[in-house]
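Worksheet: one structure, shown below.
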DNA sequence: AATTTATTTCGATATTTATCGAATTAGATT
DNA sequence: AATCTAATTCGATAAATATCGAAATAAATT
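Chains as they are written, first to last, in my numbering: chain P, 8 to 191; chain B, 8 to 191.
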């Protein structure tokens, strides 16, 4: 998962940290200076800087008494250019179960034996249920209307509606005249 | 201030909201679908979508029973391109008092009459105090060493050190042989 | 018109987090 | 070596917020 991306946004989702970035974009500052400029305690600023450093936006350089922080402008630009790249967008959903909606709907509408309690009225739910039902057919194989009804009867007595909706949503194909059905 | 920028980052500083953006980047989804995909209650998803809509990243379109949300890809790209622009960086520090550090140091080192308690040993603080002292001189005007000492004596008895440091930090210029001083 | 359904709003709760002060650590100057 | 000083760490507290469930709203189907 793109935990890293969330951390990056979290690092910048604070007014004081944004101010620190803006200040460091002009010149390096010590913790003490930043604390005075932002009217915060040094310990608080140190905490903010640690968060910014974690995501690689700033780094420290020891200079006599002081710990001088500087902005990593290259990292900033790199990040900003790739923030909403295809890779990042994809990564953000990588651990999402894309079938969760269908599964939930099917679970709601089926009995333990797999048959349908009712045929959903709402389009989106109907689609989900039809995608479930259509799995009973083999891709490429030809079925007569009688065979289709036979299979659909295992799901619901209203086989005619099921058949019509399957064709209507394009999940099942029908040969014009001969009454042959198949899925692709 | 750039409150808007903070809000934008806050809107994306949450794993579930990032997932929503990633999902909507592929196709529009209803609240109910997103809730199932993310394993959250619809009310929670609605709350997240409201935050994303506030910063202009998503918008809703009514479609029969459902409220279908879509990603505003244009807004996303516009934002991502300008996130760390000079304007935004500047805006983030617009309400920061850039003299706050000097003011704090000067306040720490001066008496009520404006004279110095001591001359700071730390470089950064010394600089701040020197920037304060140098204000007693007029830009462009030429001063003899005697005049310089006269003015500096109002700040600290060790006028020689003050004079040397002022020149050393480049805040005051000295003509090579003649013993003339000025500031630019 | 009545009913169903998805969405939003609201109030409450639990988690996260920004901030501070005190104590500790690390470095540099004397 | 002893002493300053800035920075960090730690513990506590207060503020912000993610989440939920219940209630209210809105929209469409019957």
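Every residue, glycine too, gets a C-beta built ideally from N, C-alpha and C. All figures in this text were calculated on a predicted structure; none of them were measured in a lab.
N- and C-terminal bounds of the beta strand (DSSP E) containing residue i
i             : result
residue 77/B  : 73-78
residue 187/B : 187-189
Contacts that residue i makes with chain P (C-beta to C-beta distance below 8 angstroms)
i            : result
residue 46/B : 107
Any C-beta of chain P under 8 angstroms from that of residue i
i             : result
residue 149/B : no
residue 76/B  : no
residue 100/B : yes
residue 176/B : no
residue 40/B  : yes
Amino acids of chain P, ordered along the chain, whose beta-carbon sits closer than 9 angstroms to that of residue i
i            : result
residue 79/B : Under the 9 angstroms cutoff, chain P gives no residues; its nearest Cβ is about 12 angstroms from residue 79/B.
Beta-carbon neighbours of residue i, restricted to chain B and to distances below 7 angstroms
i             : result
residue 43/P  : 107, 108, 111
residue 144/P : In chain order: nothing, as chain B lies at least about 25 angstroms away.
Interface residues of chain B facing residue i [CB-CB closer than 8 angstroms]
i             : result
residue 37/P  : 131
residue 114/P : Ordered by position in chain B, no residue passes the 8 angstroms Cβ test against residue 114/P, which lies about 10 angstroms from the chain.
Neighbourhood of residue i by C-beta, 7 angstroms cutoff - its chain only, sequence neighbours within 5 removed
i             : result
residue 162/P : 122, 123, 140, 169
residue 176/P : 134, 137
residue 65/P  : 31, 56, 59, 76, 77, 78, 79
residue 127/P : 116, 133, 136
residue 44/B  : 30
residue 148/P : 189
residue 172/B : 133, 137
residue 42/P  : 48, 49, 52
residue 155/B : 170, 188
Chain P contact residues for residue i, given Cβ-Cβ distances below 7 angstroms
i            : result
residue 32/B : 96
residue 16/B : 16, 19, 20
residue 90/B : 87
residue 26/B : 99, 100, 103
Chain B contact for residue i (CB, 8 angstroms cutoff)
i             : result
residue 11/P  : no
residue 167/P : no
residue 71/P  : yes
residue 87/P  : yes
residue 29/P  : yes
residue 103/P : yes
residue 82/P  : no
Residue range of the unbroken alpha helix (DSSP H) whose run includes residue i
i             : result
residue 116/B : 107-116
residue 65/P  : It is not in any alpha helix (DSSP H) - residue 65/P instead sits in the beta strand (DSSP E) that spans 65-70.
residue 146/B : Unbroken run through residue 146/B: none, as it is neither H nor E.
residue 15/P  : 10-19
residue 39/B  : 38-45
residue 52/P  : 49-61
residue 158/B : 152-159
residue 123/P : Segment: none, residue 123/P is in no alpha helix (DSSP H) and carries neither H nor E.
residue 175/B : 166-175
residue 22/P  : 22-31
residue 93/B  : 93-99
Contacts around residue i, its chain only, beta-carbon distance under 8 angstroms, and the 5 residues preceding and following it disregarded
i             : result
residue 74/P  : 37, 38, 67, 68
residue 158/P : 143, 144, 150
residue 14/B  : 61, 62
residue 96/B  : none
residue 24/P  : 18, 55, 58, 59
residue 118/P : 124
Cβ-based neighbour list, residue i, same chain, cut-off 6 angstroms, excluding 5 preceding and 5 following
i             : result
residue 132/B : 112
residue 160/P : 166
Legend entry - Residues of the stretch 116-139 of chain P with Cβ closer than 8 angstroms to any Cβ of chain B, in chain order: 129, 130, 131
Inset, instruction - Output, in sequence order along the chain, the residues in the stretch 55-69 of chain P whose CB is closer than 7 angstroms to any CB in chain B. - result: none
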